[in-house]
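Enquirer: Numbering (the numbering used here), first residue to last: 241 to 856. For every residue, glycine included, the Cβ atom is placed at its ideal position computed from N, Cα and C.
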Amino acid sequence: MKAKRSRVILSAISVLLVLSLLMGGTMAWFTDTEKVSGNFEAGILDIEVNPGDDGFTTTEPMEFKNLRPMLYENFYKEFVSDGGDNALTNNSQNPENYPEENIPAYFKPVTIQNRGTLPTKVQLSMDLGAACKEGEAQFEPEDLANGTMTPSTPDQPVCENKLQDVLKIFVYKHTADGWTKIENVNLNKLYDDSKANPTGQKAKNAGTEYHTYTTAVIPAGENATYVLAGYLPETVDNLYQGKHYHGLLTLNAYQVDTDEGGNPDEGGDSSTPAADPYTVTIHFSDPQDAEATFTPIEYELGTEQKVYDVSTGDLTAPEGYQFVEGQKAQQVTVNSEGVNPESITFLVEKINTDFAGGDGSEENPFLIMNAEQFNKIRNYSDKHFVLGADIALGEYTPIESFSGSLNGEYQGVKHSVSYTIHGGDHLGLLATNTGTLKNLTIASDSVIYTTGNNCGTIAAINGGTIEDCISYGTINGVLEANEQNKGKNIDFGGIVFQNTAGAAIRNTTFQGKINPDLSDEDIILALYDDINMFFNNGGLACFNAGLIENCQVSAPESGANVRGSTYNAGLVTMNTGTIRNTKTVGGTQETPIVSAPVGEDYKNGLDVCLNIGTIE
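1. Alpha carbon to alpha carbon, how far is E544 from T535?
2. Which class does L368 belong to by DSSP, given the choice of helix, strand or coil?
3. S684 by DSSP, collapsed to three states: which one?
4. Determine the direct distance from the alpha carbon of N478 to that of V736, and round the result to whole angstroms.
5. Can you tell me the Cα-Cα spacing of T714 and A557, whole angstroms?
6. Quick one, which of D432, T672, D367 and N784 has its alpha-carbon nearest K640's?
7. Under three-state DSSP, which class holds L880?
8. Tell me whether N673 sits in a helix, a strand or coil according to DSSP, three-state version.
9. If I876 and T697 are in contact, beta carbons under 8 Å, what's the gap, nearest whole angstrom?
10. What first and last residue would you give for the beta strand (DSSP E) that runs through N702?
11. State the Cα-Cα distance for the pair L627 and I608, rounded to the nearest angstrom.
12. Whole angstroms are fine: how far does the CA of V362 sit from the CA of E462?
13. Where do the ends of the alpha helix (DSSP H) carrying Q495 lie?
14. Return the bridge partner residues of Q562 from the DSSP annotation.
15. Go to Y518, then tell me how far its beta strand (DSSP E) extends in each direction, as first and last residue.
16. Taking buried to mean at least 16 other C-beta atoms within 10 Å of its own C-beta, is V320 buried or exposed?
17. How about S601 and A632: are their beta carbons less than 8 Å apart?
18. M861 and L489: beta carbons closer than 8 Å?
19. Using a 10 Å radius around the Cβ and a threshold of 16 neighbouring Cβ atoms, would you call N426 buried or exposed?
20. Do you know how far the Cα of H624 is from the Cα of Q562?
21. For I851, which beta-bridge partners are listed by DSSP?
22. Please state the DSSP three-state secondary structure of T552.
23. Can K402 and K305 be called in contact, C-beta distance under 8 Å?
24. With burial defined as no fewer than 16 other Cβ atoms inside 10 Å of the residue's Cβ, what is the status of A666: buried or exposed?
25. Just to confirm before moving on: does the CB-CB distance between T816 and G778 stay below 8 Å?
26. Can you tell me which residues form a DSSP beta bridge with K623?
27. From what residue to what residue does the alpha helix (DSSP H) around Q738 run?
28. Please work out which residues of its chain come closer than 8 Å, Cβ to Cβ, to T740, disregarding the five sequence neighbours upstream and downstream, and give them in chain order.
29. Where does V588 land, buried or exposed, given buried means 16+ other C-beta within 10 angstroms?
30. What is the C-beta distance between A699 and G668, in whole angstroms, given that I count them as a contact (C-beta under 8 Å)?
31. Let me make sure I understand the geometry here. Which of S621, E649 and I661 has the alpha-carbon closest to that of P638?
32. How would you label V848, buried or exposed, when you count the other beta carbons within 10 angstroms and need 16 or more for buried?
33. For the beta strand (DSSP E) containing A744, list its first residue and its last residue.
34. Would you say I584 and A464 are within 8 Å of each other, going by their C-beta atoms?
35. In this structure, does DSSP put F614 in helix, strand or coil?
36. Please work out which residues of its chain come closer than 7 Å, Cβ to Cβ, to E559, disregarding the five sequence neighbours upstream and downstream, and give them in chain order.
What follows is the structure in C-alpha cells.
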C-alpha cells in the first residue's frame, strides 16, 4: 500500500511541474540577432538651362533681332539644320545687305540639363519681363503716309513691351526627321490676333494656341535642346516697326509620375508619361495640275481615342503652295480598331508670285507694290486687289475690262496711281469697270492724250461701283480743228465718260482738267467755220444713267476744270439717272469750273446741261 501511495504522490508532483511550465516557465533555445542600417534619401529634381548649346558657359540673354512680318513658309526657310541663327541665303537674301549688328536672328537654341537624380519633364512658359533699359530707343511712327520712322531719344525713353500684341514665340523639337515645330504652341500668352491682323485677312498659323509647352522626359544626367523662334505674322502692320518685347523664359521641372494636365510634348501642364500618339497620313493634291506630286506627311492626332478635326489651319502647305480656300475640317476617328480613315487629302494651289502677297480672294486680296504687278491685273481681272504703295505706271495701256475689286487703301494709308496714256477711244485707268473701285487716287501727273472719244480718268465706262476716290488727272483731246476731223464728237468725263444704269459713283471728287487742247479761238473755229467739232464734257461724267451721290467737282489750282465747245457741265453733261447731294466747289472767274464759248445754239451749264432724270 505504501508503494502505491508513493507512486501517486510522484505523479501529482509531475503534473504540477508541467502545469507550472505551461503557465509561464522558460526553456532555453539557440538564438542569434543582427541589426542592419536603413537610410531613406529623397531623390533630387534639379535642372539647369542655358541659352545656347555651348556647354553651359553662355550667360547672355537670347537676342532675337530685326524681326519682320513674313509668311511662315518663308520664315522657316531661314532655319538652319543645327538650330542656330538664321540662314538668310536660304531665303534668297544676302547677309551683306544688313548691318553686322542687326543681321536678323529669329531662332535660338535652349539647352536644358537634368542635373538631378530623377527623370523629369520641364514646362516652358514665357513671362513678361521688364520694359527696356533706360535710354534704349525704339522707333515710333512719324508719318505713316510716307513711311518715315524716327527713333525716340535717350532722354525720352518710350520703350515698352509693345510688341507683345503681335509676337508669336514658337518651340521646335528635334526628331529623326530634323527640327519640327510644335503645333499650336505660342508661348506669348499676350498675343492678340485682332491687333496682329487688323485687316481681318486669313492669317496662317492661327487658331487655338497653348501658351505652355511640356517637354518629353529628360533622363537623369542628360540634356535636351529645343529651339525658340520669334515670329511676326504676315498681317502685322507698320504700327509695330521698331517695337520691343522683353520676356522671361520660365522653366518648371516636374517628376514624371504626376497626374496633372495633359501629356508631354503637348501644351498644358506636366503629367503622366507620354503615350505614343495616333497618326493620320496627309496627302496634298493640286486640282489645276494633275501631274503635280507631293510628299505625304504623318500628322500626329493625339493619344486619346476620340474624333479629331483636322483642318488646314493645323497644317503647313508644301513649299510654294497654299491651301485652296473654303475647305472644311476633315474628321478622323480613333477607337479600339485603329484610325479611320488612315489618310486624308487637302487641296492646294501654287502661290501666286505675280504679286507681293495675297491670294486674290476678297478676304486676302493680291497686294500690289509696283507698276509691273499693277499691269498684271489684266490677267486676273475678276480677282481682288489692294495697293500697298503709290504706283507710277509711266506709259500705260488701259485694262480692257475689270470685274473684281481694287482698293487704294492698305494698312490705313491711301495710295495713288499715275500714268501717261496715248490713244483713241475708251481710255482711262480702266476701259470698262463692272467691279468695285474705292479709296483710289489718280495723281496730278496723270494725263490722257486722245485723238478719239469717250474717255474718263478712272474709267471710260463704269458699270460697277466707284466710291471714295479722287482724281487730279487731265484729259487732253489732241484733235485739230480742220476739215479732216469735221463732224467729230469729243465726249469726256472727269471720272468716267459714261455711268451706266445700275452703276454708282459715290463720295468721289474730280479736281483735274478736261481740255480739248485747243485755244479758245480754235474752239470757235471748230464751232462756227463749218468744222462742227463738238466737245461735250462733264466734270464727273459726260453721260449718267446710274447714281451719282455725295460727289463734287472742285476747281483746280489754275485754269478751268472743263473746257469745250458745245455741251459742257461742271457735273454731268446729260443726266437720265439720279444725281444726289452733288455739287461744284470753289470756282471763280479766275479758276472757273466750266469755260467755253457760248453760242445761241449751244448750251453750257455749271451743273448739268441736259436733264431728263432726277436731281436731288
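Expert: Taking the definition as stated:
1. 27 Å
2. strand
3. coil
4. 34 Å
5. The alpha-carbon separation between T714 and A557 amounts to approximately 47 Å.
6. The displayed chain sequence assigns Glu, not Lys, to residue 640. Of the candidates D432, T672, D367 and N784, the one whose C-alpha sits nearest the C-alpha of E640 is T672.
7. Residue coverage of the chain in this structure runs from 241 to 856, which leaves residue 880 outside it and unanswerable.
8. strand
9. Beyond the ends of the chain as shown, which are 241 and 856, falls residue 876; an answer cannot be given.
10. A699 to N702
11. 5 Å
12. Cα to Cα, E462 sits roughly 13 Å from V362.
13. Taken as a continuous stretch (DSSP letters only), Q495 belongs to no alpha helix (DSSP H), being part of the beta strand (DSSP E) at G487 to Q495.
14. E589
15. Y518 to S525
16. exposed
17. no
18. Here the chain comprises residues numbered 241 to 856, so residue 861 is not present and cannot be evaluated.
19. buried
20. 17 Å
21. A small correction: the amino acid at residue 851 is Asn; Ile does not occupy that position in the sequence shown. Beta-bridge pairing links N851 to N815.
22. helix
23. no
24. Here residue 666 turns out to be His, not Ala, going by the sequence shown. Buried.
25. In this structure, T816 lies away from G778, with their beta-carbon atoms at least 8 Å apart.
26. Assignment of beta-bridge partners to K623 by DSSP yields no partner.
27. Taken as a continuous stretch (DSSP letters only), Q738 belongs to no alpha helix (DSSP H), being part of the beta strand (DSSP E) at V736 to N739.
28. I701, N702, G703, A785 and G786
29. Burial check for V588: the Cβ neighbour count within 10 Å reaches 16 or more, so the residue is buried.
30. 5 Å
31. I661
32. buried
33. Segment A744 to R746, the beta strand (DSSP E) holding A744.
34. no
35. In this structure, F614 counts as helix in the three-state DSSP scheme.
36. E313
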